[in-house]
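In what follows, a structure is listed as C-alpha cells, so that the remarks can point back to it.
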Amino acid sequence: MPTDVVTMDKIVSLCKRRGFVFPSSEIYGGLGSSYDYGHYGVLLKNNVKNQWWKAMLQERDDVVALDSAIIQHPRTWEASGHLAGFTDPLVDCRTCKLRFRADKLEDAQCGRKPSKHPGETPDCDLTEARDFNLMFETTVGPVKEEGSTVYLRPETAQGIFLNFKNYMQFARKKPPFGIAQIGKSFRNEITTGNFIFRTREFEQMELEFFVPPGDAGSWHQHWLAERMKWWVALGLRPDHLQLRAHDADELSHYSSATSDVEYLFPIGWSELEGIANRGDFDLTQHANFSGQKLEYVDTATGERYVPHVIEPAAGVDRAMLAFLVDAYDEDQIEGEQRTVLRLHPLLAPVKVAVLPLVRKDGQPELAAEVYRELRDHVQAEYDEGGAIGRRYRRQDEIGTPWAVTIDHQSLEDRTVTLRDRDSLAQVRVAIGELVDVIRGRLGEPWRSPKLDS
Ligand code: GAP
Numbered sequence: 168m169p170t171d172v173v174t175m176d177k178i179v180s181l182c183k184r185r186g187f188v189f190p191s192s193e194i195y196g197g198l199g200s201s202y203d204y205g206h207y208g209v210l211l212k213n214n215v216k217n218q219w220w221k222a223m224l225q226e227r228d229d230v231v232a233l234d235s236a237i238i239q240h241p242r243t244w245e246a247s248g249h250l251a252g253f254t255d256p257l258v259d260c261r262t263c264k265l266r267f268r269a270d271k272l273e274d275a276q277c278g279r280k281p282s283k284h285p286g287e288t289p290d291c292d293l294t295e296a297r298d299f300n301l302m303f304e305t306t307v308g309p310v311k312e313e314g315s316t317v318y319l320r321p322e323t324a325q326g327i328f329l330n331f332k333n334y335m336q337f338a339r340k341k342p343p344f345g346i347a348q349i350g351k352s353f354r355n356e357i358t359t360g361n362f363i364f365r366t367r368e369f370e371q372m373e374l375e376f377f378v379p380p381g382d383a384g385s386w387h388q389h390w391l392a393e394r395m396k397w398w399v400a401l402g403l404r405p406d407h408l409q410l411r412a413h414d415a416d417e418l419s420h421y422s423s424a425t426s427d428v429e430y431l432f433p434i435g436w437s438e439l440e441g442i443a444n445r446g447d448f449d450l451t452q453h454a455n456f457s458g459q460k461l462e463y464v465d466t467a468t469g470e471r472y473v474p475h476v477i478e479p480a481a482g483v484d485r486a487m488l489a490f491l492v493d494a495y496d497e498d499q500i501e502g503e504q505r506t507v508l509r510l511h512p513l514l515a516p517v518k519v520a521v522l523p524l525v526r527k528d529g530q531p532e533l534a535a536e537v538y539r540e541l542r543d544h545v546q547a548e549y550d551e552g553g554a555i556g557r558r559y560r561r562q563d564e565i566g567t568p569w570a571v572t573i574d575h576q577s578l579e580d581r582t583v584t585l586r587d588r589d590s591l592a593q594v595r596v597a598i599g600e601l602v603d604v605i606r607g608r609l610g611e612p613w614r615s616p617k618l619d620s
C-alpha cells in the first residue's frame, strides 16, 4: 500500500481553512470537543445523509422513515437499560485532579510533567473506579422537582422502538421491514478528541430492521454486506475498510452479535458503524415497562411474535471524517504543490465551479449565464476573483470535481472547457450540453484515483 500523505492535523487545518468545520465557541476560547459545521461542511454532511436516505428509502421498499423527539419520556431510558448501564468506569487522580476512564488508562496522560500514564508514578493517587452515566440530564418545565428529570437521547434507536406500534397500525408494515432515522444524539463522553471522531453531540444514521426471530441471523449477514457495499460505492478504498466481529466481552447489553465496519483512520483502525443483532431485547423491555403489546400479529393465521431487530448504526460526523481522510491528497502541478480532496462526485460539496478566464471582454457575463443555468440542476459556484490557477486550487481543495472555464472562444462558439479535478483533462463542451454532460458524469460509477497511485 503506498504511504498516505494524510494526517489528522492536515484534515483539521483544511477543514478550518476552507470552512468545513470550526471549533465551536471560538471567541470564548472554545468548548472542548464541540464543533460547528461551516458552509462546505454542511453541504458535505447533507450529501452523506442524502446518500444514506437514498440507500434506505429510494432503493428499497421495505424501509420507512421517522424523525422522533430528542427528549423522550424518562421511562424510555429505564426500559432500554441506559439509566442503569450506559456508564463508563471513572477514576480521579487526587494529585493532578484529572479524571480518567479506568478501562483506558493506557491511552491517557496524567497531568504532570514528564507526562506518564495515570497510575505509573508513586505521586499518582487514583481513586477507586466508579460508574459515570453518559447521558446528559436536564429538566422539563420551570421547576426542578421530582419527575421533571429528562435526558437528551444517547442514541436515536429508542425513538424507533417507541413508535413500533404506530408503524404496525398506520403503516401496515409486516416483518421484515425497517424504520430509519437520522438525528442528533448526545453522550457526555469522558474521552473525546481526534477532531469530530468522538464528540459529545453528534448525528447518527440508524436503521432498526424488524424480522421474524428465525431469520435474524441471515438478515444480520444481509445488512453487513449491504452496509459495506454502501461505503465502498461512495468511494472509501476497500483496503481501508474492514468488518470486525465483537468479542463476547465487548457486546452491548442488548446485543447477541455485533460487527463493526472499521476504517483505517490516521489514528488506526476505528469504528465507523456498528451492525448489531439486538434480538427482541428492546421491544420486550418497552412492552414490559409500558404495559403495551409490542408484537406482530398475522391477522390471517393468528400467528404472533415479538420481532427481532437488526440494527446498522452509523455516525454522520465520523462518516464525514472518513470520507475527508480517504479523499485527502497532495500532488504537483507545474512544479507547484496542490492539495486536493478526491471526493466521490456525489459527496462533493460543490459539483461544478464556473470561472471566467479573465474579468473582461464579456466573459464574466457569459460565465454568470452558464452558472445560473447549472445551479438549477447541481450545487454550483461562480468565482471570478484572482488568477485562474489559484481559483482551480481553491476548488480542488474543497473537492469540486469539475470546473467550467469561459474563455475568448466561448464568446465566439458558445463552447467552454470542462476540467476534471483528478485527471486534469480538459475537454471542450457546448454550453447547451453542459447540464447533460455533468449529470451523466455524476451518474457514472466512481473509484478513488488514490487506488491507482
Ligand atoms: N444504537 C446503537 C448505537 O448507538 P454505537 O456504536 O454506540 O451504537 C453508532 O453508535 C455509531 O454512532 C458509531 O459507530 C459512531 O459512528 C457514532 N458515534 C457513537 N458515539 C459517537 C461520538 N461520541 N461521537 C461521534 N460519533 C459517535
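For the sequence shown, position 95 (counting from the first letter as 1) is numbered 262 according to the working numbering, and the numbering increases by one without interruption. Where is the CB? At the ideal position from N, CA and C, for every residue including glycine. All of these numbers come straight from a predicted model, not from anything done at the bench.
Worksheet item: In chain order, what residues of the same chain have a beta carbon less than 8 Å from the beta carbon of N330, not counting five sequence neighbours either side?
Response: Along the sequence shown, one-based indexing puts residue 330 at 163. L233, S235, I346.
Discussion item. For K183 and K177, what's the separation of their Cα atoms in angstroms?
Written reply: Translated into the one-based positions of the sequence shown, residue 183 becomes position 16. Translated into the one-based positions of the sequence shown, residue 177 becomes position 10. Roughly 10 Å between the two C-alpha positions.
Worksheet item: Does DSSP put K341 in a helix, a strand or coil?
Response: The residue labelled residue 341 in the question sits at position 174 within the sequence shown. Looking at K341 - three-state DSSP - the assignment turns out to be coil, as it is neither helix nor strand.
Practice prompt. For Q348, count neighbouring Cβ atoms within 10 angstroms of its own Cβ and tell me buried if that reaches 16, exposed if not.
Written response: As a working mapping, residue 348 is identified with position 181 in the sequence shown. Buried.
Worksheet entry | Candidates R588, T567, Q593: closest to Y207 by CA position | Here residue 207 refers to the residue found at position 40 of the sequence shown. If we check each option's Cα against that of Y207, T567 comes out closest.
Worksheet item: How many angstroms separate the CA atom of Q466 from the CA atom of F337?
Response: Within the sequence shown, the letter at position 299 stands for residue 466. Within the sequence shown, the letter at position 170 stands for residue 337. According to the sequence provided, residue 466 is Thr. The question's Gln does not apply to it. Going by the C-alpha atoms only, they are around 15 Å apart.
Worksheet item: By how many angstroms is the C-alpha of R185 removed from the C-alpha of H249?
Response: For this step, residue 249 is matched to residue 82 along the sequence shown. For this step, residue 185 is matched to residue 18 along the sequence shown. Those two C-alpha atoms are separated by around 39 Å.
Discussion item. Using only CA atoms, which one of G384, N300, H413, N213 lies nearest to S319?
Written reply: The count along the sequence shown starts at 1 and reaches residue 319 at position 152. In the sequence as displayed, the identity of residue 319 is Leu instead of Ser. Closest by alpha carbon: N300.
Practice prompt. Between the Cα of H389 and those of S426, R367, A400, spot the shortest distance and give me the residue it belongs to.
Written response: Along the sequence shown, read from residue 1 onward, the residue named residue 389 stands at position 222. Ranking the options by Cα distance to H389, first place goes to S426.
Practice prompt. Determine, using beta carbons only, whether D449 comes closer than 8 Å to chain C.
Written response: Looking for chain C here will not work: only one protein chain is present.
Worksheet item: Do the CB positions of S200 and G441 come within less than 8 Å of each other?
Response: Here residue 200 is taken as the residue at index 33 of the sequence shown, counted from 1. Here residue 441 is taken as the residue at index 274 of the sequence shown, counted from 1. No, the Cβ-Cβ distance between S200 and G441 is not below 8 Å.
Practice prompt. Might you give, ordered along the chain, the residues of its own chain that have their beta carbon closer than 7 Å to the beta carbon of P612, omitting 5 neighbours on each side?
Written response: In the sequence shown, counting from the first residue as 1, residue 612 sits at position 445. Within the same chain, P612 has no close Cβ partners at all.
Discussion item. Less than 8 Å between the beta carbons of N355 and M302, yes or no?
Written reply: As a first step, residue 355 is located in the sequence shown; it is residue number 188 there, counting from the start. As a first step, residue 302 is located in the sequence shown; it is residue number 135 there, counting from the start. A contact, by the Cβ cut-off of 8 Å.
Worksheet item: Under the DSSP definition of a beta bridge, which residues are partnered with E564?
Response: Translated into the one-based positions of the sequence shown, residue 564 becomes position 397. Per DSSP, none; premise fails for E564.
Worksheet item: Should Q388 be listed as close to ligand 1, given that the test is whether its C-beta is under 7 Å from any heavy atom?
Response: In the sequence shown, residue 388 corresponds to position 221, counting from 1. No; taking the cut-off as 7 Å, the Cβ of Q388 has no heavy atom of ligand 1 nearer than that.
Item to complete: Could you spell out the range, first to last residue, of the beta strand (DSSP E) harbouring T243?
Response: The residue given as residue 243 occupies position 76 in the sequence shown. That residue, T243, is in no beta strand (DSSP E); its alpha helix (DSSP H) goes 242 to 246.
Item to complete: May I ask which residues mark the beginning and end of the alpha helix (DSSP H) holding E532?
Response: Taking the first residue of the sequence shown as position 1, residue 532 is located at position 365. Counting along the chain, the alpha helix (DSSP H) containing E532 begins and ends at 530 to 542.
Discussion item. Suppose you measure from the CA of G286 to the CA of E503; what does that come to, to the nearest Å?
Written reply: Counting from 1 along the sequence shown, the entry for residue 286 is found at position 119. Counting from 1 along the sequence shown, the entry for residue 503 is found at position 336. The straight-line gap from Cα to Cα measures roughly 49 Å.
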